[in-house]
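**Q** Dumping the structure here so I can ask a few things about it.
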């Protein structure tokens, strides 16, 4: 492993391709529960986690992000979740690192340990308690000698700064990525200012993941880059957006859309959307390009294909996928063979097949954020009465 | 294995849940090439095939359909495909049977060997040559002692009758499923008549798979059932539709839609669509209920959940999925917790997030079918000039 | 007037173009009340009625249909309507005839007196009472020497037969047109059978008006024509459809759509839709081609332009409208001048500008019809309590 | 007339309701040619112009805007238009004033004389020549003693300033209204700055008309008001938007949309949209509230109904229209009676009935503006070759 190039060197030299989000992909495969979204599958079903890593590697991903999303101890014990008790925070994070390393070594992959925002912060319990949660995960990442750390999926730049502070003590490169859009964080801090604050806090790479579609995310990054340039801050940029179209989302992103999380299918991006996304990122100067919720291996493959020339290589998995639909030349039906080519797919505006659906939705917009009572951590499950109360609120909103 | 109940007994006693289609799922995962759609992954990447079988088993599937789609020798050598030479028809089919058996034994699953329509037939080479292709696959299925045979994805009932004839000689139960809609087969034979001819040919289970969405497929089955009832024929029914909405498809189904195969994302069914599908099938009397292209494990899980009461059991994978979005009670955001419940999801008409897309497409409609020159088998790859010619035809059409 | 060719001669020789519906057009102009939809404007605001007649004449209409829709005495006194008392049935019908005649003489127009279905029939009061209502109108038409009679907007062929019987006694040509779609009348009588019964009752021209869009109406006429041909009945056909797209309407037509009558704007047909409609009618053999609700003068003009060659003339109003957007050659902006031409407009699929709207609606479907208590005539206005009760029913439905 | 309150007093005391656009309405009725869009109908068909004025008056309009749009002499002679020669600028403007006055006196209406942008300016011929065109119209307005002047439909604030200068010399109140959206004028001057410049030039009322839908227009006015407030400028605001939804339009507004001008039907606003528009205007402080292209009398009536309480009166035409669909209580079908009420219509998102159409369009965006050769005035008609050339450009764009 000594000869492997590190993240920052790779970013200086060219493009690093990230992987896709694990919670949505594994929820559909049957190994993650929507709601808590925690990664106990690293212990319960390592073969499923390993296989997904492998698919992303074959698709062209340079990074195997250990499946440690929402694996802070407080989250593993939130609202009836028993993973903390059954497997411990340490156990889940440790298993995640080992699986990521195993697959990374099948190629030339880097392993990243990941932190996400915590119930502790959302409950308003302060810096010390929040950082203690982060530290527990970082300790495991250090023991496992991951290649770098990634603090991602933060809605408040304040909590992110606290996370960066903890990460930096490990001596590893630190990537910082917030789940925000062009409107900025949930405390009203602009996207540009978020970027600046992450960079000033010491992150080596800053950017945006989750919550918005690739194109809205690029808009957010454009604002971030402009602010960084104004301040003369030199850091790399990362994009890891949703693979769902969200032109209609508000500040809170896809969480607010009525379709979240079980009716998002019509919004899933095509591989051609991902070609466009990869190109827009590259042109903006983003060098760490990956995905989050909704990304399946073929979406990452499309990113790798779009940037094959810049990277000087096609991904392994391309043995089964010719760029721009070339494989259709082997299709039985002649009119499908006629679809083999870039122009056809670049110009297609795919129909929804849903004449009773609209194009856009009005997001819920409850306007609650960190510190609000209704957001506080709770060990017990939500009761039926509490749900009933929430539904009333929904109807009024 | 001796104590395992067979297919027909299970169908007599209740519902048998099928699995989902492998070619689309594995194409997205990076192991199948769109265009040829052949299953050499059984040899090249057994771990990926095994994992997909396992996910369907966990989701509630009772059948592990060996991944032998389009694995006839003529197809493996069509239009530049080298799988026949490299792996042989026997090799691929044999590996497929062993993988399916391995996973089936992790639960109470049945193994099915599958045949599909052949280039030989489409090229007009006649009954004897076509049946020879089928026989090569059936020989491997017999050696592997699969539990039953399934002849599926036939566009012409004539070829299906030839397949059934070959299958019956094995002595195993035979399922016969055509990729047709309410308009019937490509030779103009009505859906009802197709059902009758399959039953008269001796199939134990008849029905429809692929090419149309769940609801169009149920319409087709309704016609088939009415015709069978009129003739007094007693056979079981099977439904294995697409997981793509196709209200706008013509006789040729989704193949004709401009979005096939790389722009179908907006048409992907939600899990709630599958609840509705399972219920409609059950109410019609269909007892073999599974899926085809586009079905992911969570779609099969939704079928199993909808019919849990009738079957007296939930699938294993439900440890990670509470019916009707129950898991959302554990979500961090209160307005998402308010979405935990049946009424919310049953009434949602999910938006597409695509304001520049229409709801429906005009299908290509070239009107070519078996015997037409342009459909004939060819060992060589399609040339650029041939593609150019096809595109001209497309523009005119 | 003696030299004017009559309706039947004109139909034998070529195409007769009808006018558009008055109640929707005059509701928007401020002279008709939606709900009762009665034509007291003939007395209250003759200048507005005259102007609309004139616009249709200029647009190419050969028929000035006297504005006598829903002008039967029972309807003028229904649910709080005071028109019967204030103006009398005779007064309104008489004024209507004189206005139509006045404008008809500005060109070569024919005047038609029109009957529509009655509350008396819907209340189940029987043939004699129903025919008495018709007779009162026909008497006025005879006195005014209109050129022919048109019984239109009937939902039940039985009532239509009674109307035809009354009309025939006048000795004038009788046109009979039902507001039905391909599913037939509200008593379940097929479209074909309706056509046959109208012809057998003695109508000289039979067909369909209102309730469905031009293309659904042509489908209905196709069924009607086939049935007439099978019976060897020789009558002319009339089409006077809506100018609203209704691909999603059920048996009851646009009345059932949630958008009726105040949210239909997105469904309004373009002039290019009317070119297509006129051509489809002509090709089917329909020779009386006009419009109903939603048709504005420019829609009729499009019909006249499409058939200008067959008719050997362009309408007067074409001095202000060059066929196929020719006038755009005079537009200031060059990219709009580039839209001057047939190909551009024929291929345009106009966007809705409504990203929060779906393409189709689920119609109300209360399934009530003639004789049902809730449909019975009532002189008094509907009370607030009755409306409240109806809304409850709506929510449940 | 001496006792009639003037525009500015009315605005100080409350809301003034404008009328709707004449060119689109009369094009559909057959009296205006799309392309040149000039108002020679004032001479050719005074009865049609008078009737439209009357309908707006009945609907609640306080202003009869003389039909003088594009009636500058240079425009009447542009690209093959023969109106200048046949009727003269003076003749058309004079007839327009007399028709407006005649109808205004049927109620309590004010008469406005209107100027619009000129080909002279777009051809880059400078201030003096441009103002000469304006002066010719203003002279006629002064002779006819109109109540105020309105300079509207200007794409460049520079030309607007020249128009205001000419108008002010008349001593009459001057309304200045540009056809811009939130992005500002075609020379890149912001909406706010345009408002400020119009006010500083001396206009008594400033605002926006045409090119964008009611809601986009209100956004533009919001920017204008903020800028005026910042500068401490006290003027009244006017809104006269399209009655077409244009969420997808760019800087050039609906002219750029592929549907302009003959495929805009699906975008037509409902009366309920106009209630919302009127309320938003009122709440923003806009006091001159009217409409432009697409507005039919019933749209103005909806504005008048929404503000009936604030104005202390309902329009005359409301004898035929009860607010919030009250007339439906008299409908025959009970499920339509159930739609009588505000909640139903306020919440309806009307379907398009067009499953093959998208929600939004990509506008043409040629980026040509004042001074560009291709925009220059030309007396001769556009030739077929020129159109062919334009189409090529379109395809490339």
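Protein chains in written order, with the numbering used here: chain A, 267 to 663; chain B, 267 to 663; chain C, 267 to 663; chain D, 267 to 663.
Cβ atoms here follow ideal geometry from the backbone N, Cα and C, with glycine treated the same way.
Can you find a C-beta in chain D that's less than 8 Å from the C-beta of residue 336 (chain B)?
**A** As a working note, residue 336 (chain B) is residue 70 in the second chain. Answer no: the Cβ-Cβ gap between residue 336 (chain B) and chain D never drops below 8 Å.
**Q** Name, please, each residue of chain A whose Cβ falls closer than 9 Å to the Cβ of residue 621 (chain C).
**A** Your numbering for residue 621 (chain C) matches position 355 in the third chain. Chain A residues near residue 621 (chain C): 513, 514, 624, 625, 626.
**Q** Have a look at the DSSP bridge pairing and note the partners of residue 510 (chain B).
**A** On the second chain, residue 510 (chain B) is found 244 positions in, with the first residue counted as 1. Its beta-bridge partners are B:534.
**Q** Looking at chain C, which residues of the stretch 464-488 of chain D have a Cβ within less than 9 Å of any of its Cβ atoms?
**A** So the list reads 479, given in the order they occur along the chain.
**Q** Can you tell me which residues form a DSSP beta bridge with residue 350 (chain A)?
**A** Counting from one through the first chain, the residue named residue 350 (chain A) turns up at place 84. BP columns for residue 350 (chain A) are empty, so no partner.
**Q** Taking only runs of the alpha helix (DSSP H) that begin and end inside the stretch 355-424 of chain B, which ones reach a length of at least 4 residues, in chain order?
**A** Runs found: 355-370, 385-388, 393-409.
**Q** What residues in the stretch 589-622 of chain C bring their beta carbon closer than 9 Å to a beta carbon of chain B?
**A** Correct list: 615, 617, 621, 622.
**Q** Could you spell out where the alpha helix (DSSP H) holding residue 314 (chain A) opens and where it closes?
**A** Translated into positions along the first chain, residue 314 (chain A) becomes position 48. From DSSP, the alpha helix (DSSP H) with residue 314 (chain A) extends over 312-325.
**Q** Please determine if the stretch 396-405 of chain A and the stretch 432-446 of chain A are in contact, where contact requires at least 3 C-beta pairs separated by less than 8 Å.
**A** Result yes; three or more Cβ-Cβ pairs closer than 8 Å.
**Q** Quick one: residues in its chain with C-beta nearer than 6 Å to the C-beta of residue 416 (chain C), no 5 flanking neighbours on either side, listed in chain order?
**A** Locating residue 416 (chain C) in the third chain gives position 150, counting from the first residue. For residue 416 (chain C), where only same-chain residues beyond five positions count, the Cβ hits under 6 Å are 378, 380, 441.
**Q** Measuring CB atoms only, is the stretch 537-550 of chain D touching the stretch 637-648 of chain C, in the sense that at least three cross pairs come out at less than 8 Å?
**A** Too few Cβ pairs lie closer than 8 Å, so no.
**Q** With a threshold of 16 other CB atoms inside 10 Å of the CB of residue 293 (chain D), please say whether the residue is buried or exposed.
**A** Position 27 of the fourth chain holds residue 293 (chain D). The residue in question, residue 293 (chain D), is buried, as its Cβ has 16 or more Cβ neighbours within 10 Å.
**Q** Within the same chain, show all residues whose beta-carbon is closer than 6 Å to that of residue 389 (chain D), passing over the 5 residues directly before and after it, in chain order.
**A** Here residue 389 (chain D) refers to the residue found at position 123 when the fourth chain is read from its first residue. Here the set comprises 642, 643.
**Q** Which two residues bound the contiguous beta strand (DSSP E) that contains residue 475 (chain C)?
**A** As a working mapping, residue 475 (chain C) is identified with position 209 in the third chain. Residues 471-475.
**Q** For residue 275 (chain D), which of helix, strand or coil comes out of DSSP?
**A** As a working mapping, residue 275 (chain D) is identified with position 9 in the fourth chain. In this structure, residue 275 (chain D) counts as helix in the three-state DSSP scheme.
**Q** Rounded to a whole number of angstroms, what is the C-alpha to C-alpha distance between residue 475 (chain D) and residue 607 (chain C)?
**A** Residue 475 (chain D) sits at position 209 when you count from the first residue of the fourth chain. Residue 607 (chain C) sits at position 341 when you count from the first residue of the third chain. Rounded to the nearest angstrom, the two C-alpha atoms are 29 Å apart.
**Q** Compare the C-beta of residue 557 (chain C) with all C-beta atoms of chain D and state if any pair is closer than 8 Å.
**A** Counting from 1 along the third chain, the entry for residue 557 (chain C) is found at position 291. For residue 557 (chain C), the answer is no, since every Cβ of chain D falls outside 8 Å of its Cβ.
**Q** For the stretch 474-492 of chain B against the stretch 502-512 of chain B, are there 3 or more C-beta pairs whose distance is under 8 Å?
**A** As far as the Cβ criterion goes, the stretch 474-492 of chain B touches the stretch 502-512 of chain B, which means the pair count is three or higher.
**Q** Are there three or more Cβ pairs, one per stretch, closer than 8 Å when the stretch 592-612 of chain A is compared with the stretch 485-497 of chain A?
**A** Judged by Cβ distances under 8 Å, the stretch 592-612 of chain A makes no contact with the stretch 485-497 of chain A, as fewer than three pairs qualify.
**Q** With distances taken from CA atoms, which of D:501, D:368, D:615, D:583 is nearest residue 298 (chain C)?
**A** Within the third chain, the letter at position 32 stands for residue 298 (chain C). Cα-wise, what sits closest to residue 298 (chain C) is D:583.
**Q** State yes or no: is the beta carbon of residue 312 (chain B) nearer than 8 Å to at least one beta carbon in chain A?
**A** On the second chain, residue 312 (chain B) is found 46 positions in, with the first residue counted as 1. Output row for residue 312 (chain B): interface = no.
**Q** Starting from the Cα of residue 307 (chain C), find the closest Cα among C:609, C:360, C:534, C:657 and give me that residue.
**A** As a working note, residue 307 (chain C) is residue 41 in the third chain. Closest by alpha carbon: C:360.
**Q** Would you identify the three-state DSSP class for residue 499 (chain D), choosing helix, strand or coil?
**A** Within the fourth chain, residue 499 (chain D) is the residue found at index 233, counting from 1. Residue state, collapsed to three classes: coil.
**Q** Would you mind working out which of C:337, C:369, C:349, C:300 sits nearest residue 328 (chain C), comparing C-alpha positions?
**A** Numbered from its first residue, the third chain carries residue 328 (chain C) at position 62. For the residues C:337, C:369, C:349, C:300, the minimum Cα distance to residue 328 (chain C) belongs to C:369.
**Q** Ignoring anything shorter than 3 residues, give me the beta strand (DSSP E) runs that lie fully in the stretch 430-484 of chain B, in order along the chain.
**A** Within the stretch 430-484 of chain B, the complete beta strand (DSSP E) runs of at least 3 residues are 440-444, 471-475.
**Q** Can you pull the chain A neighbours of residue 536 (chain B), defined as C-beta to C-beta under 9 Å?
**A** One-based indexing of the second chain puts residue 536 (chain B) at position 270. Near residue 536 (chain B) (Cβ distances below 9 Å), the residues of chain A are 525, 528, 529, 530, 531, 532.
**Q** What are the uninterrupted segments assigned as alpha helix (DSSP H) that are 4 or more residues long and contained completely in the stretch 638-662 of chain C, given in chain order?
**A** Whole alpha helix (DSSP H) segments, 4+ residues: 650-662.
**Q** Counting only Cβ pairs nearer than 7 Å, list the residues of chain C close to residue 280 (chain D).
**A** As a working note, residue 280 (chain D) is residue 14 in the fourth chain. Correct list: empty, because the minimum Cβ distance to chain C is about 22 Å.
**Q** Going by alpha carbons, who is nearest to residue 326 (chain B) out of B:617, B:580, B:535?
**A** In the second chain, counting from the first residue as 1, residue 326 (chain B) sits at position 60. Nearest option by C-alpha distance: B:580.
**Q** For residue 385 (chain A), which residues of its own chain have a beta-carbon under 6 Å away from its beta-carbon, when the five flanking residues on both sides are left out?
**A** For this step, residue 385 (chain A) is matched to residue 119 along the first chain. Excluding residues within five positions, the ones whose Cβ falls inside 6 Å are 340, 341, 344, 643.
**Q** List the residues that DSSP assigns as beta-bridge partners of residue 331 (chain C).
**A** One-based indexing of the third chain puts residue 331 (chain C) at position 65. Paired residue(s): C:378.
**Q** Taking the Cβ atom as the reference point for each residue, do residue 330 (chain C) and residue 291 (chain C) lie within a distance shorter than 8 Å?
**A** The residue labelled residue 330 (chain C) in the question sits at position 64 within the third chain. The residue labelled residue 291 (chain C) in the question sits at position 25 within the third chain. No, the pair does not count as a contact, with Cβ atoms beyond the cut-off.
**Q** Spatial neighbours of residue 220 (chain B) within its chain, please: CB distance less than 7 Å, with the 5 preceding and 5 following residues excluded, ordered by chain position.
**A** Limits of chain B in this structure are 267 at one end and 663 at the other, which puts residue 220 (chain B) out of reach.
**Q** Applying the criterion that 16 or more other CB atoms from any shown protein chain within 10 Å of the CB defines a buried residue, is residue 374 (chain B) buried or exposed?
**A** Position 108 of the second chain, counting from 1, holds the residue named residue 374 (chain B). When all chains shown are included, residue 374 (chain B) counts as exposed.
**Q** Looking only at its own chain, which residues have a Cβ that is under 7 Å from the Cβ of residue 319 (chain C), when we skip the five neighbours before and after it?
**A** For the purposes of this step, residue 319 (chain C) is taken as residue 53 along the third chain, with counting starting at 1. So the qualifying residues of the chain are 330, 365, 366, 369.
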